[in-house]
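Participant:
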């Protein structure tokens, strides 16, 4: 298994940018979040060095408070450890987080971390799969996230 993992990493190292690009609307979403001084983090099951490289390659104009990928010391999602690490790092209660993801694993991670799971329909999974795994809401376009956040903030202040 170790040899297979090493072979994969070597291949991924060479080919990781082929056919990889941000989804349409993600830049606008990040612009809006940054304009509202929202804290932003990335949590991935991809190896930590690849995760950081992807973020710096495709999102250099935005500041993420923390970017974490797979590390030997932390269990993979859906274990909530990585999500809770972000919560602690930012000194924000996990119940105050909106966790945006496009897989069942993301939804399970958010639920077990006590975060608000939002399913992204522009990914590879169906809305039904996201809902069955804990999504409280589905959004069709990245730019819908800001409207959702405004609604949640207004709801919590009433």
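Residue numbers (our numbering): 25 to 182.
Here a beta-carbon is modelled for each residue, glycine too, at the ideal position from N, C-alpha and C.
Which residue or residues does DSSP assign as beta-bridge partners of residue 125?
Facilitator: Answer is 143.
Participant: One question on the structure: do residue 143 and residue 159 come within less than 8 Å of each other, judged by their Cβ atoms?
Facilitator: Their beta carbons are under 8 Å apart, which means residue 143 touches residue 159 by this criterion.
Participant: Based on DSSP bridge pairs, tell me the residues matched to residue 25.
Facilitator: Bridge partners of residue 25: none, in fact.
Participant: Ignore the nearest five residues each way along the sequence and tell me which others in residue 124's own chain have a CB closer than 7 Å to its CB.
Facilitator: Within the same chain, residue 124 has close Cβ partners 142, 144, 169.
Participant: Do residue 107 and residue 91 come within 8 Å of each other at the CB atom, strictly closer than that value?
Facilitator: Against a cut-off of 8 Å, the Cβ pair of residue 107 and residue 91 comes out as no contact.
Participant: Does the beta-carbon distance from residue 122 to residue 173 come in below 8 Å?
Facilitator: Closer than 8 Å, so yes.
Participant: Between residue 114 and residue 89, what straight-line distance do the alpha-carbon atoms span, to the nearest angstrom?
Facilitator: Between residue 114 and residue 89, the C-alpha separation is close to 8 Å.
Participant: Is residue 174 helix, strand or coil when you go by DSSP?
Facilitator: Three-state DSSP puts residue 174 in a helix.
Participant: May I have the straight-line CA-CA distance separating residue 162 from residue 171, to the nearest angstrom?
Facilitator: Cα-Cα distance, rounded: 12 Å.
Participant: In this structure, how does DSSP classify residue 94 when only helix, strand and coil are distinguished?
Facilitator: Residue 94: strand per DSSP, three-state reduction.
Participant: Roughly how many whole angstroms lie between the Cα atoms of residue 72 and residue 157?
Facilitator: Straight-line Cα distance between these residues: approximately 25 Å.
Participant: Which whole-angstrom value is the C-beta distance of residue 75 and residue 102, which I expect to be below 8 Å?
Facilitator: Not really, about 17 Å apart at Cβ, beyond 8 Å.
Participant: When you compare only the Cα positions, how much space is there between residue 95 and residue 53?
Facilitator: Rounded to whole angstroms, residue 95 to residue 53 spans 28 Å at the Cα level.
Participant: Identify which residue in 49, 139, 105, 69 has its Cα closest to the Cα of residue 119.
Facilitator: Nearest of 49, 139, 105, 69 to residue 119, Cα basis: 139.
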